[in-house]
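Reviewing the structure listed below.
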Amino acid sequence: MSTAEIDDRDEDLDDEETSEEEEAEDEESDRETVPLEAKKKSGGSAAAHAPKAAVSESGGTDLVRNTWTIARRETHAYFDSLVAYVVIGGSTLGLGIYFFLMQSGGFWQVDRASMSRLFEFMPWALAVLVIPLITMRALAEEKRSGTLELLITMPVRDSEVILGKYFAALVMAAILLGTTLLYPIAMFMWPWHLGALDWGPVWTGYLGLLLFSAAGIAVGMLFSSITESQIIAFFLTAGTLLFLHIIGSVVESLQGVVGDVIAFVSFQTRFQPFERGLLDTRAVIYFLSISIICLLVAFRSLESRKWT
Amino acid sequence: MPTDVMIYANDLSKRFGAFRAVDKINFEVRKGEVVGFLGPNGAGKSTTMRILTCFIAPSDGTARIHGHDVFEEPLAVRRSLGYLPQRAPLYLEMSVLEYLRFAGDLRQLDASTFKTRARNVVEVCGLAQVLGKEIRHLSHGYRQRVGLAQALIHDPPILILDEPTSDLDPNEKAEFLDYLKQIGEERTVLLSTHNLGEVETACARAIIVSRGRVVADGPLDEIRAKSGKVRYVVSIQESAGDQPYRGTGKLPKKTEVEDALQKVKGVRKVSELPTDDRAHAYELTSDQNVDLRADLFKTVVEKGWVLLELARDTQTLEDVFRNLTIGDERRNRKIKAKGEPDEPEPEEEEEEDEGDDEDEDDEDSEEESER
């Protein structure tokens, strides 16, 4: 290949990337040159190298930039493998079947312009299938194949690796949720008008699903970080999420402290207000806290490779 | 510490449970040196390299890369390093160019620098034909080149390469060693391998480790001389066949020759070499500071035998390596008896099976290069 061709390729790639990168990296463009200079001077003494390196080491923008680079690669990887298509196609189809056909005629039987069936179905699909599928490979596969070693010995922090992978999985979940939005749009806006839909609960419901995914994916990242096997990561994640969701169903029959505790930790109980069109701050905080705690544990678990 | 010390390891240790994978390793690598890091499988080479690249932390001791402590400033250390782990673990679903771009982004190269550097590494590593190909479709040899390219993309002052040639066929190996010479002109390179030929071609200095310890460190000549032994090969005619026998006495018997050689002053050990029925060939060892050739010749003449061959050489690096690391081999064959100190080998399991499948890999890559 001639050098001119390399240029062409570079430019192709540049074109598609600049638009995405611009917002995220505008402020960093000044910075980028710093470590470079340091490297060019590689022949120079260690002392000359040190202060320049220290500048970029303290920069928070590095964190954004590296996380972004890793997240972008991960998202590409999802679409390069079958995972993305299987997950999106499978769950959209599953949703359609449940929505229109199951439970004695489904949507048509209810005879109301309501999307509540979607919000009954989606948490289950997310918990037992979607989230485990998109998180299982995140760290487990990299550990098994050894690519993690090459990734981590680049100048990136462990936290950037975890966050990059987390956001990539979250983007996948968001794309999936976006796809399911086609149902209400097609039914109530265009091309069909099956009734006057109250859009309020639909938006809060979707926000709830997104928060649900955020927490679930963090749980998945945690399990993916403690094993080298995707299968084990899948089942641990699916099992845990299913458990956290299902315990909500027994709340009604339990009184007192036990019931309160279960209501407190259950994903289902936390998700219900969103379904009804309420924005429950406590639930928002709950889902975000779960995400942060699980990501911290995943981070520690990744770091533990150093000591064992 | 002088500033031209690029890699510095001081009492570096790593324990996995009770097993000491690396046991108080000390060495320094200076600017511009290409150093071979030698040792049998499981000797602690990879572990040491992983510590130097901040992938794992040492249990004890300190290490500095380019003046940065691996513990205190891991990011600065990684910035000044290019690292190629064993077997070049790359993301298989990416194309070569995508992978290099990814590495460039994580190394914080801006677009124009990346272009210049990419063109340079593509040229040095010979990747122009495969830039758009997915890595999963490349042979081991090419994957190794991509691995080397990503290690060089940011023009690092220090390169750490973990068995970079283990998956290559002989042609690729020779080519790789050529690159290494080019690359090594302005860089510090630490190269682990168990192929001694490579070290002799590419490195001026070697560090030999065995069971987690440094057993030899210095210029190759010095290491060769380290065992302090000289080897002789003597062949005496055993049967003249159809030709008339030129010796004065009878054709000698095997034991006669062996006894006579044993009696020469200065000979330490006599061992028979495999030959056909025309000659008796023996290998002799002696101390380094004496030359026995004259005595050997005289002995043969006195007996009236016909001398077919007499050669003297100092030990090859391979012999030294075997002598220094021989314990490892025995340890692997012996089942541990009760009460003996623990020597579990959880660490380099991956390394252990490597020796076995190396041959297969070589065949694979040869096949692929033929295609």
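Residue numbers (the numbering used here), protein chains in the order written: chain A, 1 to 308; chain B, 1 to 371.
For every residue, glycine included, the Cβ atom is placed at its ideal position computed from N, Cα and C.
This one's a predicted model, so the numbers in the text were calculated from it and none came from an experiment.
Chain-ordered chain A contacts of residue i [CB-CB under 9 Å]
i, result
"Y83 (chain B)", "E149, L150, T153, M154"
"C54 (chain B)", "I152, T153, K306"
"R87 (chain B)", "G146"
Chain B residues whose Cβ lies nearer than 8 Å to that of residue i
i, result
"S81 (chain A)", "E93"
"S225 (chain A)", "Those do not exist, as S225 (chain A) stays about 16 Å from chain B at its closest Cβ, beyond 8 Å."
Simplified DSSP assignment, three categories, for residue i
i, result
"R278 (chain B)", "coil"
"F37 (chain B)", "strand"
"I223 (chain B)", "helix"
"D158 (chain A)", "helix"
"N417 (chain B)", "Lying before the first or after the last residue shown, residue 417 (chain B) is absent from chain B, which here runs from 1 to 371."
"G61 (chain B)", "strand"
"N426 (chain B)", "Given a span of 1 to 371 for chain B in the structure shown, any question on residue 426 (chain B) remains unanswerable."
"M318 (chain A)", "Missing from the structure shown is residue 318 (chain A); chain A here goes from 1 to 308 and no further."
"E363 (chain B)", "Unreliable positioning characterises E363 (chain B) in this predicted model, as indicated by a pLDDT of 40, which lies under 50. The coordinate reading is nonetheless provided below. The answer is helix: DSSP assigns E363 (chain B) an H, G or I state."
"E309 (chain B)", "strand"
"R300 (chain A)", "helix"
"V56 (chain B)", "A quick correction: the sequence has Ile, not Val, at residue 56 (chain B). I56 (chain B): coil per DSSP, three-state reduction."
"A416 (chain B)", "Given that chain B is displayed from residue 1 to residue 371, the structure contains no residue 416 (chain B) and the question cannot be resolved."
"E228 (chain A)", "coil"
"R305 (chain A)", "helix"
"D4 (chain B)", "coil"
"D169 (chain B)", "coil"
"T188 (chain B)", "strand"
"D155 (chain B)", "coil"
"R15 (chain B)", "strand"
"E252 (chain A)", "helix"
"L295 (chain A)", "helix"
"D295 (chain B)", "helix"
"L138 (chain B)", "coil"
"E163 (chain B)", "coil"
"L284 (chain B)", "strand"
Own chain residues within Cβ distance below 7 Å of residue i, not counting five before or after
i, result
"V251 (chain A)", "G259, I262, A263, S266, T269"
"V5 (chain B)", "E28, R30"
"L163 (chain A)", "T67"
"V297 (chain A)", "L222"
"S91 (chain A)", "A125, L129, V130, L176"
"L236 (chain A)", "F223"
"Q129 (chain B)", "none"
"D30 (chain A)", "Here the model assigns D30 (chain A) a pLDDT of 40, short of 50, so the residue's position is not dependable and the matter cannot be decided."
"P184 (chain A)", "M115, L197, V202"
Interface partners of residue i on chain A, CB under 8 Å
i, result
"A103 (chain B)", "M154"
Chain B contact residues for residue i, given Cβ-Cβ distances below 9 Å
i, result
"A77 (chain A)", "Y91, E93, M94"
"T69 (chain A)", "F102, D105, L106"
Partner residues on chain B for residue i, Cβ-Cβ distance less than 7 Å
i, result
"R73 (chain A)", "F102"
"G89 (chain A)", "Here the premise fails: no neighbours, minimum Cβ distance about 19 Å."
Contacts of residue i in chain A (Cβ-Cβ under 7 Å)
i, result
"A57 (chain B)", "K306, W307"
Own chain, CB closer than 6 Å to residue i, minus 5 neighbours either side, in chain order
i, result
"F121 (chain A)", "L95, Y98"
"E172 (chain B)", "G141"
"A279 (chain B)", "S235, Q237, E238, L308"
"L131 (chain B)", "V96, L97"
"K143 (chain A)", "E228"
"V70 (chain B)", "C54, A63, V77"
"V290 (chain B)", "G266"
"G104 (chain B)", "F114, I153"
Nearest-angstrom Cβ-Cβ length linking residue i and residue j, presumed shorter than 8 Å
i, j, result
"I135 (chain B)", "L84 (chain B)", "Not a contact, Cβ separation roughly 14 Å."
"L251 (chain B)", "E272 (chain B)", "Actually they are not in contact, since the Cβ atoms of L251 (chain B) and E272 (chain B) sit about 17 Å apart, beyond 8 Å."
"L295 (chain A)", "Y206 (chain A)", "Not quite, the Cβ-Cβ distance comes to about 23 Å (not below 8 Å), so this is no contact."
"I285 (chain A)", "A215 (chain A)", "About 11 Å; that fails the 8 Å criterion."
"L191 (chain B)", "V34 (chain B)", "7 Å"
"S210 (chain B)", "A43 (chain B)", "5 Å"
"C125 (chain B)", "L159 (chain B)", "C125 (chain B) to L159 (chain B), Cβ: 13 Å. No contact."
"I65 (chain B)", "S46 (chain B)", "In fact, because the Cβ distance is near 17 Å, the residues do not count as touching under 8 Å."
"L315 (chain A)", "T204 (chain A)", "As displayed, chain A neither begins before 1 nor continues past 308, which places residue 315 (chain A) out of reach and without an answer."
"T285 (chain B)", "K269 (chain B)", "5 Å"
Spatial neighbours of residue i in its chain, beta-carbon cut-off 8 Å, leaving aside the 5 residues before and after
i, result
"F297 (chain B)", "L307, L310"
"V87 (chain A)", "L129, V130, L133, I134, M172, L176"
"A24 (chain A)", "Low confidence applies to A24 (chain A): its pLDDT is 39, below 50, so where it sits in the model is not reliable, and the reading given next is rough at best. So the qualifying residues of the chain are V64, R65, W68."
Min CB distance residue i to chain C below 8 Å
i, result
"R293 (chain B)", "Considering every chain present, this structure includes no chain C. Its protein chains are A and B."
- Item | In chain order, each alpha helix (DSSP H) run of at least 4 residues that lies wholly inside the region 64-126 of chain B | For the region 64-126 of chain B, the full-length alpha helix (DSSP H) segments reaching 4 residues or more read 74-79, 96-106, 111-125 along the chain.
- Query: Counting only runs that start and end within the region 192-279 of chain B, where is the alpha helix (DSSP H) found for 4 or more residues in a row?
  - Reply: Under the rule that a run must span 4 or more residues, the alpha helix (DSSP H) segments found entirely inside the region 192-279 of chain B read 196-202, 220-226, 254-263.
- Message: I'd like the ranges of any beta strand (DSSP E) spanning at least 3 consecutive residues and lying wholly in the region 111-146 of chain A.
- Response: Those beta strand (DSSP E) runs which fall completely within the region 111-146 of chain A and span 3+ residues do not exist here.
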